Amino acid sequence: MPFQTTECQPENMSGPIQSQKKRVYYYFHQHRIGDKVAISAALKWYKEQHPQDWLIAVDDFWFENGKQRSIPSNIIFDEIVNECLYNTTPADATRLDFGCIWIRVPWLAQQGYYPSIKVSKECEEQMLSRFRWMCSPYVCVHILEDAPYNRGRNHNFTQMVQLMRFLSGNGMHVIRIGKSSGYFLKQQTDLTRLGLSVMESACIIKHSIAYIGGDTGMTHIASAVGVPWILAIYGPPPNQKPWRNHAKAIGCNVDFCSLPSVPKERRTVFYMHGHKFSLSKAMDTCVEHLFTSDAPLLRSKSP
Numbered sequence: 132m133p134f135q136t137t138e139c140q141p142e143n144m145s146g147p148i149q150s151q152k153k154r155v156y157y158y159f160h161q162h163r164i165g166d167k168v169a170i171s172a173a174l175k176w177y178k179e180q181h182p183q184d185w186l187i188a189v190d191d192f193w194f195e196n197g198k199q200r201s202i203p204s205n206i207i208f209d210e211i212v213n214e215c216l217y218n219t220t221p222a223d224a225t226r227l228d229f230g231c232i233w234i235r236v237p238w239l240a241q242q243g244y245y246p247s248i249k250v251s252k253e254c255e256e257q258m259l260s261r262f263r264w265m266c267s268p269y270v271c272v273h274i275l276e277d278a279p280y281n282r283g284r285n286h287n288f289t290q291m292v293q294l295m296r297f298l299s300g301n302g303m304h305v306i307r308i309g310k311s312s313g314y315f316l317k318q319q320t321d322l323t324r325l326g327l328s329v330m331e332s333a334c335i336i337k338h339s340i341a342y343i344g345g346d347t348g349m350t351h352i353a354s355a356v357g358v359p360w361i362l363a364i365y366g367p368p369p370n371q372k373p374w375r376n377h378a379k380a381i382g383c384n385v386d387f388c389s390l391p392s393v394p395k396e397r398r399t400v401f402y403m404h405g406h407k408f409s410l411s412k413a414m415d416t417c418v419e420h421l422f423t424s425d426a427p428l429l430r431s432k433s434p
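Per this note's numbering, the very first residue in the sequence shown carries number 132; after that it's consecutive.
Below you can see the structure in the form of C-alpha cells.
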C-alpha cells in the first residue's frame with residue numbers, strides 16, 4: 132500500500148449511508164493547481180481500492196475573524212464529490228495522506244491511474260461561442276517570460292517565441308494563454324491580456340490538438356483533459372547536479388517527477404539544462420507530430 136490513510140466515522144451521520152459506507156475526506160490545503168490535478172489520480176486510485184467508502188474532496192479553506200473562508204478550485208474532479216461537511220467532522224479527524232504527491236505520480240501511472248478532470252459544460256459552451264476558432268485545429272502554448280521563483284523554470288522565452296513563429300509560419304494556428312506580460316506576438320493569437328480564469332484556460336487547452344508548456348499548472352491540466360500530444364519544455368531534472376545538492380540542502384526529496392502524467396506516446400520532453408533544449412529538434416518533433424502527411428493530430432479535429 133503506497134499511501135497511508137487515517138479515517139473515522141462521524142458520530143452524527145444519519146440515513147442508509149451510515150450502515151454501508153464511511154466518509155473519508157481529502158483536504159486540498161494550500162495546494163497549487165498542478166498538485167490538485169495530480170491528486171485527482173490518487174483519489175481515483177483510492178476510490179477503486181475502497182469502493183465501500185464515500186470519498187469527499189474538500190477544497191482549500193481557512194478561518195478569518197472566526198468565519199470560514201474557502202477558495203474554489205475552478206476544476207471539477209472526475210467522479211469526486213466536492214462537498215464541505217465541516218460541522219459534522221473535525222478537519223483533523225479524517226484525512227488521506229498521500230505523502231509527496233510527485234513521488235506517487237510515477238507509481239500511479241505504472242498502475243494505469245492518470246489525472247482526469249472535467250471542464251464545466253457551461254464554460255465550454257460560452258468559450259466556443261466567444262472564440263469560434265476553437266472549432267478548428269490549433270496549438271495551445273503556455274510559457275513564462277520570467278519565473279523569479281525558480282530561474283530553472285524560465286522556459287527560454289526567446290527560443291519559445293521562435294518555435295511559435297515556426298509553427299505559425301507553417302500554417303498552424305497558435306494560441307498563447309497565461310498571465311499578461313505586455314509582450315504581443317505578431318501573427319499569433321495572444322490571450323494573455325484577457326485575464327482568463329483557470330476553467331476558461333482549461334477549456335482552451337482541452338480543445339487544442341497539441342499543447343506546449345513548461346512545469347506549470349496549465350501543463351498538468353493539459354495532461355488531465357485529454358490533449359492528444361504535449362511538448363513539455365522543462366528546467367533541469369531534480370536528480371541532476373547542482374539541483375540535487377540544492378534540494379538536499381533545503382531538505383527536499385529529489386526522487387520526484389513533475390512531468391505531465393500521460394502515457395509516454397502522448398508527450399515529448401525537452402530539458403533546458405544538462406540535456407539542453409534544442410530549438411531545431413523541437414521544430415523537427417513538431418513537424419513529425421503536426422505537419423507530416425500521416426500526422427495523427429490533424430486528423431483528430433477537422434475545421
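For glycine and all other residues, C-beta sits at the position ideal for the given N, C-alpha and C.
Note that the structure is predicted; figures quoted are calculated from it, not measured.
For C271, the enclosing beta strand (DSSP E) begins and ends at 270-273. Its chain contains H286, F288, M291, R307, G309, I343, G344, G345, I364 as the residues whose beta carbon lies nearer than 8 Å to that of I274, once the 5 sequence neighbours on both sides are disregarded; these appear in chain order.
Under DSSP, F401 forms a beta bridge with I364. Non-local beta-carbon contacts of K337 in its own chain, meaning distances under 6 Å to residues more than five positions away in sequence, involve V250, V356 in chain order.
Under the three-state reduction of DSSP output, D321 falls in the strand class.
A straight-line Cα-Cα distance of about 8 Å links Y244 and A173.
As the crow flies, the alpha-carbon of L186 is around 7 Å from that of K178.
The beta carbon of P391 sits closer than 7 Å to the beta carbons of T350, H351, A353, S354, I361, A363, R398 from its chain, once the five residues preceding and following it are set aside; these are given in chain order.
If you look at R163, you'll find it isn't in any alpha helix (DSSP H); DSSP assigns it neither H nor E. Looking at the DSSP output, G344 sits in a beta bridge with H273, A363.
Cβ-Cβ distances below 7 Å link F422 to N301 in the same chain, with the five nearest sequence neighbours on each side left out; the list follows chain order.
When DSSP states are grouped into helix, strand and coil, L390 belongs to the coil group. Annotation: V168 to S247 spans about 7 Å, alpha carbon to alpha carbon. The beta carbons of I335 and P359 sit about 15 Å from each other, so the pair does not count as a contact at 8 Å.
One alpha carbon belongs to C231, the other to Y157, and they sit about 14 Å apart. By the CB criterion at 8 Å, A413 and L259 fall outside the cutoff. Within the model, the alpha-carbon separation for S409 versus Q183 is close to 50 Å. Under the DSSP assignment, V236 falls in the alpha helix (DSSP H) whose first and last residues are 232-241.
If you draw a straight line from the Cα of F297 to the Cα of Y269, it is about 14 Å long.
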